[in-house]
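Numbering (the working numbering), first residue to last: 688 to 851.
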């Protein structure tokens, strides 16, 4: 009878290890700031991070505009430890990158040379073989290019008058 109870304990221990292993593969994705504001021509970071914090290099990371989901033209697609340039929307090519802290679970997107067309909701979607999750960030663009040109012309005009 003691042999049977020892066998039950071993089976329960193995089941517990298996359940614990499955739970350690689970993660959640979050965006600490759900809204980010940028000026045209500037660079901006769209935040996204894993919880619990762990090395995200083996994962798939896809940043896309919410309105581009059905055409599936991501702004950035990371897979097999590198960014997959062939799959990205040409509008973002050469302007986006991950900020380089994947080993810390940081999946934030750097968007350079921001344009008014970049405005909108972005989704950071992260997947492994066992889990998938996503977070949303809204990008607002301040002003417009026309306002910036007018301000630049006014500034040149004022500077020229003051220097003479």
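Yeah, the Cβ is synthetic: ideal placement off N, Cα and C, and Gly gets one too. These numbers were taken from a predicted model, which means no experiment stands behind them.
Residue i vs residue j beta-carbon contact at 7 Å
i, j, result
"residue 738", "residue 722", "no"
"residue 747", "residue 766", "yes"
"residue 801", "residue 727", "yes"
Where residue i falls: helix, strand or coil (DSSP)
i, result
"residue 760", "coil"
"residue 820", "strand"
"residue 746", "coil"
"residue 789", "helix"
"residue 741", "coil"
"residue 808", "strand"
"residue 714", "coil"
"residue 799", "coil"
Own chain residues within Cβ distance below 7 Å of residue i, not counting five before or after
i, result
"residue 761", "749, 750, 751, 774, 775 and 776"
"residue 805", "798, 826 and 828"
Proximal residues to residue i (C-beta, below 6 Å), its chain only, five neighbours per side dropped
i, result
"residue 810", "751, 753, 821 and 823"
"residue 742", "790"
"residue 732", "795 and 797"
Whole-number beta carbon distance between residue j and residue i, since they are thought to touch under 8 Å
i, j, result
"residue 815", "residue 734", "That pair is no contact at about 20 Å."
"residue 792", "residue 740", "4 Å"
Same chain only: Cβ atoms within 8 Å of residue i, ignoring 5 sequence neighbours per side
i, result
"residue 730", "797, 798, 799, 800 and 801"
"residue 772", "780"
"residue 713", "817 and 818"
"residue 783", "750, 762, 763, 775, 796, 797, 798 and 799"
"residue 788", "795"
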